[in-house]
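Visitor: Below is one structure. I have some questions about it.
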Amino acid sequence: MPLVRIDISADTPDGTVAAIGDVIYEAMISTANVPEHDRFQIIHRHASDELVYPAEGYLGITYTKNIVFIQVAWNEGRTIDVKKAFYKAIAQGIHDRTGHRQEDIWISLIDNKKENWSFGNGEMQYAP
Amino acid sequence: MPLVRIDISADTPDGTVAAIGDVIYEAMISTANVPEHDRFQIIHRHASDELVYPAEGYLGITYTKNIVFIQVAWNEGRTIDVKKAFYKAIAQGIHDRTGHRQEDIWISLIDNKKENWSFGNGEMQYAP
Amino acid sequence: MPLVRIDISADTPDGTVAAIGDVIYEAMISTANVPEHDRFQIIHRHASDELVYPAEGYLGITYTKNIVFIQVAWNEGRTIDVKKAFYKAIAQGIHDRTGHRQEDIWISLIDNKKENWSFGNGEMQYAP
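Protein chains in written order, with this note's numbering: chain R, 19 to 146; chain Z, 19 to 146; chain E, 19 to 146.
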């Protein structure tokens, strides 16, 4: 059920974009108990003035034009420890797979209800 | 107040995109008690590698490159039965109007608070 | 921590787009207690049929093709008065800086949890 939006520079090689999607999916399975094949992702490619971050950095983190914004909507109920492990697996995994700086991996979650999804066919597959 | 994001293949004919927006708006009115003229929608057209779904399908549903992601932010308080009727009206209506497969209609809701909207003019029109 | 999506016509001059981002950031600091340098914004430029609003208007507000959709995800806990001031500062500020009609400034908030953010490095910087 997670729906993932990935906002990324249009200069990013296609293979890197695909690898980032792979890492996020794998992190969901390994850290957050997401079922296999539950992979739904939307990529938004952007011109350089469309991804805005503070030139001075924030909280000691600095950013480059390679910043990747990852926004995940998924079901509520995951613990703080699960979310911590999820962040770490994504940043580390993207760095290992693509060479992207870990500082440029920016993640935001939206917790949602089980009944707020239809995976197709007009059905509420996760009805309580 | 619903804000609807529709993420769709750039290959989709413009008339189909418009019809999908019409169906979603009409489903809101007929099933979810949304007021007339409360229609605010954002269309994102995507290259083929930007809409990611599992090749194996999920929960018995299979997808094609014509998958349509519909993300609706609206006010909390709607019942499970209303949401079920809303999903069904959208998938059925899009299929009837455009021939799109119902399996390719993917819907996600974000429930929100009444004070979280400004419809223009810097005002909080739904202030509690 | 706010993550701001700004959906705007592709016909908007680049300077206007930048000014709108500036105003939103400044409104966060002046009205909503957001820390300095906490500026993360995603711009989506759109073709004219991709920003959909009611031709008849809604709640007495009328819209033009210059409508700007602003969707802000940030931490929960802000009061209704803060949100009112935030809306007003954005609409007024954009009008003053760019000449945009205040009626065309459309804002939606998503309230979030402190643990739902990673600002880079795979860390949960706001861990409770």
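A virtual CB, placed ideally from N, CA and C, is assigned to each residue, including glycine.
Helix, strand or coil for R:Tyr81? Go by DSSP, reduced to three states.
Guide: coil
Visitor: So which residues of chain Z does R:Phe137 contact, with C-beta pairs closer than 8 angstroms?
Guide: Tyr76, Leu77, Ile79 and Trp124
Visitor: Quick one, are the C-beta atoms of Z:Glu65 and Z:Ala107 less than 8 angstroms apart?
Guide: Sequence check: residue 65 of chain Z is Ala here, not Glu. No.
Visitor: Can you find a CB in chain Z that lies within less than 8 angstroms of the CB of R:Phe58?
Guide: Yes, contact with chain Z.
Visitor: Which residues of chain B have a Cβ atom closer than 8 angstroms to the Cβ of R:Lys132, listed in chain order?
Guide: This model lacks chain B altogether, as its protein chains are R, Z and E.
Visitor: In chain order, what residues of the same chain lie with their CB nearer than 6 angstroms to the CB of R:Phe87, ignoring the 5 residues before and after it?
Guide: Asp25 and Trp124
Visitor: What number of angstroms, rounded off, separates the C-alpha of E:Gln120 from the C-alpha of E:Val35?
Guide: 15 angstroms
Visitor: Please go through the same chain and pick out, in chain order, the residues whose beta-carbon is closer than 8 angstroms to the beta-carbon of Z:Pro146, but skip the five residues on each side of it.
Guide: Contacts found: Lys132 and Glu133.
Visitor: What residue from Z:Arg63, Z:Ala50, Z:Ala91 and Z:Val52 has the CA that sits closest to R:Asn130's CA?
Guide: Z:Ala91
Visitor: Would you give the residue range spanned by the beta strand (DSSP E) that Z:Ser27 belongs to?
Guide: Leu21 to Ser27
Visitor: For E:Ile61, tell me which candidate among E:Val22, E:Pro31, E:Leu77 and E:Asn84 has the shortest Cα-Cα distance.
Guide: E:Val22
Visitor: Could you give the uninterrupted runs of the beta strand (DSSP E) lying entirely in the segment 37-120 of chain E, keeping only those of 3 residues or more?
Guide: Those beta strand (DSSP E) runs which fall completely within the segment 37-120 of chain E and span 3+ residues are 58-64 and 86-93.
Visitor: Sorted by chain position, which residues of the same chain lie with C-beta nearer than 7 angstroms to Z:Ala109's C-beta, five sequence neighbours on each side aside?
Guide: Gln120 and Ile123
Visitor: Checking contacts by CB at 8 angstroms: is R:Gln143 closer than that to chain E?
Guide: no
Visitor: By the 10 Å Cβ neighbour count, where 16 or more other Cβ atoms means buried, how is Z:Ala45 classified, buried or exposed?
Guide: buried
Visitor: Per DSSP, which one or two residues make a beta bridge with Z:Asp129?
Guide: Z:Asp129 pairs with Z:Trp92.
Visitor: Taking 8 angstroms as the CB-CB limit, is R:Ile88 close to chain Z?
Guide: no
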